[in-house]
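With the numbering used here as the guide, the letters of the sequence shown map in order to residues 44 to 349. Glycine is no exception: its CB is placed at the ideal position from the N, C-alpha and C atoms. This structure is a prediction, so every number in the text was calculated from the model and none was measured.
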Amino acid sequence: MQKKSLTLLGVILAWIVILTFLFVQSQNDEKTLAESMAETKKEHQKVEEFLMELNQRLEHKDFGEIGTTFSNEGHLLTLMVTDHTLVDQHEQEIKTLVHNIAKENKLEAINIHFEVSDRPNMMSEEDKKTNELINEVSTISAELLTEKGYSFNAMMVDPRKSNPYVDIRIDETKAYDDEAKDEIQLLISSAIFSKTNMNFDVKVTRKSENEIRDEKWQPIFDAIREETDKKFDEYKGFAYSFHPEPLQIIIKTDLIDSTWAWISNKKVEQIEKYVHDIIDLKREELAVEELPYEVIIRGKNHKRLN
C-alpha cells in the first residue's frame with residue numbers, strides 16, 4: 044500500500060512539474076511575441092524616418108519628380124520617375140544615396156526598383172484647368188467640413204462629366220443624421236457655385252459599421268502577416284474574410300497534408316496558436332472589441348489542415 048501511495052505521489056509530482064513547465068513556456072512564448080511585435084513597430088518607425096529623409100534629400104538634389112513606395116516584404120523600395128533619362132544618368136548616384144540613408148537609419152539592406160511612368164511630361168492646358176478646378180472644389184469642400192466639425196477620409200471630385208459631382212466620405216465626429224447631411228450638401232454645393240459658377244451634385248456619406256470594423260482590425264491583420272512571416276518559414280500568405288461570419292483568418296503555408304506527417308501537424312498547431320496569441324496581444328494594445336473568428340491553416344495544395 045505504501046509503495047502504491049509513493050507511486051501515485053510520484054505521478055502527481057510529475058504532472059505538477061509538467062504543468063509548471065508548460066505554464067512557464069507559455070509565458071515565455073508570449074513575452075517573445077510581445078518583444079517581436081515591439082521590434083516590428085520600431086522597424087516601421089525607422090522606415091518612416093528613412094522615407095522622410097530620402098524624399099527631402101531627393102528634392103534637394105533636384106532630380107525632378109520622384110515618387111517613393113516601400114514594401115516590408117523583401118525590403119523593396121520602388122522609385123517612380125517620369126523620364127528614362129533620369130535613370131540612365133543618375134541611377135548609381137540615387138542608389139548610393141538610398142543605401143547611405145538606409146545605413147544612417149540602421150535599416151537592413153534595401154532592394155531598389157525603378158519604375159518609369161509612360162505619362163507625358165507636359166500636361167495639356169485642358170488638363171491643367173481641370174486639375175485647378177478639382178483643387179479649388181476640394182479646398183472649398185474641406186474648409187466647410189472643418190468649419191462644421193467634420194473630418195473626411197475620402198473625397199472624389201469629377202468636373203468633367205455632364206453632371207459634375209463631389210463624393211465625400213466623412214468620419215462620424217459628432218451627431219450625424221439625414222438633416223445634418225442635407226445641410227452639409229447644400230452648403231458645399233452653394234459655396235462651389237458661388238466660386239466657380241458651376242452646379243456640382245454633392246453627395247455626403249459616412250462609413251458603415253462594417254467599414255469601421257474592417258478599419259479597426261487592419262492593424263491586427265498587418266501584425267498577423269508580419270509576425271507569422273518572421274516566425275515560420277512555412278508561411279506563404281495571408282487572407283481574411285468577414286463574410287460569411289464568423290471572421291475567417293486564413294494562413295497559407297507550404298505544409299504537406301498527410302496522415303503520416305506528424306511534424307507538419309505539430310507545425311499547424313504551433314502556427315494556429317501563434318496567430319491566436321498575436322490577435323490577443325494586438326487587440327488588447329488597440330482596445331479593439333472582440334469578434335468571433337476562426338483561424339484556418341491551408342497547406343501546399345490549398346487544403347485546410349486544421
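- Taking a C-beta distance under 8 Å as the contact criterion, L324 and M80 qualify as a contact pair.
- K104 carries a helical assignment under DSSP once its states are collapsed to helix, strand and coil.
- By the criterion of at least three beta-carbon pairs nearer than 8 Å, the stretch 227-247 is not in contact with the stretch 267-279.
- Secondary structure at E337: strand, using DSSP grouped into helix, strand and coil.
- Counting along the chain, L122 sits inside the beta strand (DSSP E) bounded by residues L119 to V124.
- Shown here, M241 sits in coil according to DSSP, grouped into three states, outside any helix or strand.
- Closest in alpha carbon position to L348, among R326, V331, Q313 and D257, is Q313.
- For P287, the closest C-alpha among the options M199, N253 and F264 is that of N253.
- Pairing S160 with Y336, the inter-Cα distance amounts to about 42 Å.
- Boundaries of the beta strand (DSSP E) harbouring L290: L290 to T296, taken from the DSSP string.
- Between the alpha carbons of V130 and E102 lies a distance of about 16 Å.
- In this structure A145 is buried. Its beta-carbon is surrounded by 16 or more other beta-carbon atoms within 10 angstroms.
- Closest in C-alpha terms to R249, from the list D272, I211, V331 and G117, comes I211.
- Remark: C-beta atoms of K238 and I183 approach each other more closely than 8 Å.
- For E158, the pairing in a beta bridge is given by DSSP as M123.
- Counting every other CB atom within 10 Å of its CB across the protein chains shown gives G192 a total below 16, marking it as exposed.
- Assignment of Y278 by DSSP, reduced to helix, strand and coil, places it in the strand class.
- Annotation for T173: P202 and R203 place their beta carbon closer than 7 Å to its own, counting only its chain and skipping 5 residues before and after.
- DSSP places N115 outside both helix and strand once states are collapsed to three, so it counts as coil.
- The C-beta separation of L120 from T111 comes to about 7 Å, placing the pair in contact by the 8 Å criterion.
- For the set A234, K343, E82 and E134, the Cα lying nearest the Cα of A185 is the one of A234.
- With a contact defined as Cβ atoms closer than 8 Å, V318 and I267 qualify at about 6 Å.
- Per DSSP, the unbroken beta strand (DSSP E) holding I213 starts and ends at Y208 to I213.
- In the structure shown, the three-state DSSP call for S205 is coil.
- The C-beta of G342 has 16 or more other C-beta atoms within 10 Å across all chains shown, which makes the residue buried.
- Across the structure, T271 and E116 are spaced so that their CA atoms are roughly 12 Å apart.
- Under DSSP, R249 takes part in a beta bridge, and its partners are I213.
- Rounded to whole angstroms, the Cβ separation of L94 and I109 is 12 Å, and the two are not in contact under 8 Å.
- Looking at the backbone, the Cα of D297 and that of I339 are separated by about 14 Å.
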